[in-house]
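Undergrad: First, the structure itself, so that you have it in front of you.
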Amino acid sequence: MMSDNRPVFLNLFQFRFPIAAIMSVGHRASGIFLSLLVPGLVYLLDLSTSGPEGFARTLEILDNLLVKLLLFITLWSLLHHLLAGIRFLFIDFHIGAGKVAGRQSAMAVTIAAPLLAILFGFAL
Amino acid sequence: MSRQASGFRAWVLQRISAVYLGVYLVYLLGFIAIEPPQSFEAWRTWMAHPVVSFTLLLFFVSLFVHAWVGVRDVVLDYVKPYLLRVLVLSVFAFGLIGSGLWVAKVIFLAGQTV
Numbered sequence: 001m002m003s004d005n006r007p008v009f010l011n012l013f014q015f016r017f018p019i020a021a022i023m024s025v026g027h028r029a030s031g032i033f034l035s036l037l038v039p040g041l042v043y044l045l046d047l048s049t050s051g052p053e054g055f056a057r058t059l060e061i062l063d064n065l066l067v068k069l070l071l072f073i074t075l076w077s078l079l080h081h082l083l084a085g086i087r088f089l090f091i092d093f094h095i096g097a098g099k100v101a102g103r104q105s106a107m108a109v110t111i112a113a114p115l116l117a118i119l120f121g122f123a124l
Numbered sequence: 001m002s003r004q005a006s007g008f009r010a011w012v013l014q015r016i017s018a019v020y021l022g023v024y025l026v027y028l029l030g031f032i033a034i035e036p037p038q039s040f041e042a043w044r045t046w047m048a049h050p051v052v053s054f055t056l057l058l059f060f061v062s063l064f065v066h067a068w069v070g071v072r073d074v075v076l077d078y079v080k081p082y083l084l085r086v087l088v089l090s091v092f093a094f095g096l097i098g099s100g101l102w103v104a105k106v107i108f109l110a111g112q113t114v
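Chains as they are written, first to last, in our numbering: chain P, 1 to 124; chain R, 1 to 114.
What follows is the structure in structure tokens.
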């Protein structure tokens, strides 16, 4: 502690959030979001393997419009988390760790995740 | 767990589990997109296959390790008040351990019959 009464300026509206920061926050947020969904996933796995009625009931639940919206957001989160994770692994090995490359890959991750989610959503 | 999962070991666990999760996830998404099981029997037969049971169990173990290290990092960064921090971490820990035991039961049961 050098000095306790230095002025602190923490106006979030004046902060700049470069694309890598936005992508990184997305990585964290999607990770927390996906963790919260784990019990739901296990519930569906349990229900779907419990018997033919359970399997039918699972398909019924998944057919709901709100559930489909949640599934799409989940897919986006998953793909963003996966792609951003792969990017971080490369950077761990000092590949693409430079300022320009890092910015470009962050942009690529942020754009590719929702596009892939839409493509995959249509494939289903 | 929080002592054991601290520092370098947590960092390594996070990355090893990430690689397994990533590879297995691509397989799962491909499986669902290309030939989704159409009936209960097909679904259960897939789950009951020894290779699937084992790799799926490993997937969930990796998932819980990965989620715990990640959640812990985020909570330690943003939740300052001590009691609240303990509370939030406990909720996640119980949730993850509970889900882990639950999914193990589901995978073992699916493997038993058919």
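Cβ atoms here follow ideal geometry from the backbone N, Cα and C, with glycine treated the same way.
For residue 42 (chain P), does the count of other Cβ atoms within 10 angstroms reach 16, so buried, or fall short, so exposed?
TA: Classification for residue 42 (chain P): buried.
Undergrad: Which word fits residue 94 (chain R), buried or exposed, when buried means at least 16 other C-beta atoms lie within 10 angstroms of its C-beta?
TA: The residue in question, residue 94 (chain R), is exposed, as its Cβ has fewer than 16 Cβ neighbours within 10 Å.
Undergrad: Does residue 1 (chain R) come within less than 9 Å of chain P when only Cβ atoms are used?
TA: Because residue 1 (chain R) sits at a pLDDT of 49, beneath the cut-off of 50, its placement in the model cannot be relied upon, and the point is left open.
Undergrad: Within 9 Å of any Cβ in chain R, is that where the Cβ of residue 124 (chain P) sits?
TA: Chain R, which has a Cβ nearer than 9 Å to the Cβ of residue 124 (chain P), makes this yes.
Undergrad: Starting from residue 99 (chain P), trace the alpha helix (DSSP H) both ways and give me its first and last residue.
TA: Segment 99-123, the alpha helix (DSSP H) holding residue 99 (chain P).
Undergrad: Between residue 15 (chain R) and chain P, is any beta-carbon pair separated by less than 9 Å?
TA: Chain P contact via Cβ: present.
Undergrad: Mind listing the chain R neighbours of residue 32 (chain P)? Cutoff is C-beta to C-beta under 7 Å, in chain order.
TA: The contacting residues are 71, 74.
Undergrad: Using C-beta distances below 8 Å, list every residue in its chain close to residue 20 (chain R), excluding the 5 sequence neighbours before and after it, in chain order.
TA: 58, 59, 62.
Undergrad: Give me the Cα-Cα distance between residue 66 (chain R) and residue 111 (chain P), rounded to the nearest whole angstrom.
TA: Their Cα atoms are separated by approximately 25 Å.
Undergrad: If residue 15 (chain R) sits next to residue 75 (chain P), beta carbons under 8 Å apart, how far is it from one beta carbon to the other, in whole angstroms?
TA: Contact doesn't hold; Cβ gap of about 23 Å is too wide.
Undergrad: Run through chain P and tell me which residues come within less than 8 Å of residue 22 (chain R), C-beta to C-beta.
TA: Correct list: 82, 85, 86.
Undergrad: Kindly list the residues whose CB is nearer than 8 Å to the CB of residue 64 (chain R), restricted to its own chain and excluding five residues on each side of it in sequence; keep chain order.
TA: Once the five neighbours on either side are set aside, the close Cβ partners of residue 64 (chain R) are 96, 97, 99, 100.
Undergrad: Suppose the cutoff is 7 Å on Cβ atoms and the five residues either side in sequence are ignored; what does the same chain contact list for residue 71 (chain R) look like?
TA: 92, listed in sequence order.
Undergrad: Quick one: residues in its chain with C-beta nearer than 6 Å to the C-beta of residue 117 (chain P), no 5 flanking neighbours on either side, listed in chain order?
TA: Counting only Cβ-Cβ distances below 6 Å, and skipping sequence neighbours, we find 75, 76, 79.
Undergrad: Please list, in chain order, the chain R residues whose beta carbon lies closer than 9 Å to that of residue 17 (chain P).
TA: Going along chain R, no residue has its Cβ under 9 Å from residue 17 (chain P), so there is no contact; the nearest lies around 16 Å.
Undergrad: List the whole-angstrom C-beta distance separating residue 122 (chain P) from residue 29 (chain R), where the pair is believed to meet the contact cut-off of C-beta under 8 Å.
TA: With a Cβ gap of about 14 Å, residue 122 (chain P) and residue 29 (chain R) do not count as contacting.
Undergrad: Residue 144 (chain R) CB to nearest chain P CB: under 9 Å?
TA: In the structure as shown, chain R starts at 1 and stops at 114, and residue 144 (chain R) therefore has no counterpart that could be examined.
Undergrad: Taking contact to mean at least 3 C-beta pairs separated by less than 8 Å, is the segment 33-48 of chain R in contact with the segment 37-54 of chain P?
TA: With a cut-off of 8 Å, the segment 37-54 of chain P and the segment 33-48 of chain R count as touching, because enough Cβ pairs lie within range.
Undergrad: Can you tell me whether DSSP reads residue 50 (chain R) as helix, strand or coil?
TA: Residue state, collapsed to three classes: helix.
Undergrad: Looking only at its own chain, which residues have a Cβ that is under 7 Å from the Cβ of residue 88 (chain R), when we skip the five neighbours before and after it?
TA: Taken in chain order, the residues that qualify are 75, 79.
Undergrad: Just the chain P side, please: which residues come within less than 9 Å of residue 93 (chain R) by C-beta, in chain order?
TA: Within 9 Å Cβ-Cβ: nothing; residue 93 (chain R) doesn't reach chain P, min ~11 Å.
Undergrad: Check each candidate in P:25, P:71, P:32 and name the one with the smallest Cα separation from residue 44 (chain P).
TA: Considering only alpha carbons, the answer is P:71.
Undergrad: Look up residue 9 (chain R) in the DSSP assignment and say whether it is helix, strand or coil.
TA: Note: residue 9 (chain R) maps to helix in three-state DSSP.
Undergrad: Is residue 26 (chain P) closer than 9 Å to residue 97 (chain P) when the C-beta atoms are compared?
TA: Cβ distance not < 9 Å, so residue 97 (chain P) and residue 26 (chain P) don't count as in contact.
Undergrad: Go through its chain and collect everything with a Cβ distance to residue 62 (chain P)'s Cβ below 6 Å, but skip five positions before and after it.
TA: The answer is none, since no qualifying residue turns up.
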